[in-house]
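Asker:
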Amino acid sequence: MKLRSAKDFWSGLVFMAVGAGFAVGALNHGFGTATAPGPGAFPFAAGVLAALGGAALLFKSLTLETEGGDRLGAWALRPLLLITVAVAGFSWSLPHLGLCFAVPGLVLLSALATGGVRIQTLGLQLIVLTAAAWGLYVGWVHAVVPLWT
218 MKLRSAKDFW SGLVFMAVGA GFAVGALNHG FGTATAPGPG AFPFAAGVLA ALGGAALLFK
278 SLTLETEGGD RLGAWALRPL LLITVAVAGF SWSLPHLGLC FAVPGLVLLS ALATGGVRIQ
338 TLGLQLIVLT AAAWGLYVGW VHAVVPLWT
């Protein structure tokens, strides 16, 4: 069996692994019913869909020819690490510092990962995304999320 696209092959494997992990992790939560889904329903469905998409990508990488073999390039370590730190920091800071500090921290670290972001654009993103998160979670969903502590 010849590998025709290294990028699609490795991407497919990652999607399958992450999707399977979410689906298996969701088995520990209740699925609920069709009219009242439980906390495990969405992560299970999203995990299964991600794993199926990964399987399709993996199949494509083994069957469809791509020009030049579509080799895997260098890893972008800076964005990978900064986005990972941003998400982990958000997870920690939300219950400890509140939404008004967690969202701007997430946006700032994510902006550092991309580089080349203008201060005016970043300031607007901080304001809009923090207000949108507050409106979505507190105003619409009525989630109990600390604004600041």
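Under the working numbering, the final residue of the sequence shown carries the number 366; numbering is consecutive throughout.
Think of the CB as a built atom: it goes at the ideal place given N, C-alpha and C, for glycine as much as any other residue.
Remember, predicted model here, so these are calculated numbers, not experimental data.
Quick check on alanine 251: buried or exposed, where buried means 16 or more other Cβ atoms within 10 Å of its Cβ?
Answerer: Counting of Cβ neighbours within 10 angstroms places alanine 251 among the exposed residues, the total staying below 16.
Asker: Helix, strand or coil for proline 254 per DSSP?
Answerer: Note: proline 254 maps to strand in three-state DSSP.
Asker: Figure out for me which residue from Ala243, Ala267, Arg221 and Trp227 has the closest Cα to the Cα of tryptophan 292.
Answerer: Trp227
Asker: Taking all protein chains shown into account, decide if alanine 305 is buried (16 or more other Cβ within 10 angstroms of its Cβ) or exposed.
Answerer: Under this definition alanine 305 is an exposed residue.
Asker: Grab the span of the alpha helix (DSSP H) containing leucine 301 for me, first residue to last.
Answerer: It is threonine, not leucine, that sits at residue 301 in the sequence shown. Looking at the DSSP string, the run of the alpha helix (DSSP H) that includes threonine 301 is 294–314.
Asker: May I ask you to report which of helix, strand or coil DSSP gives glycine 247?
Answerer: coil
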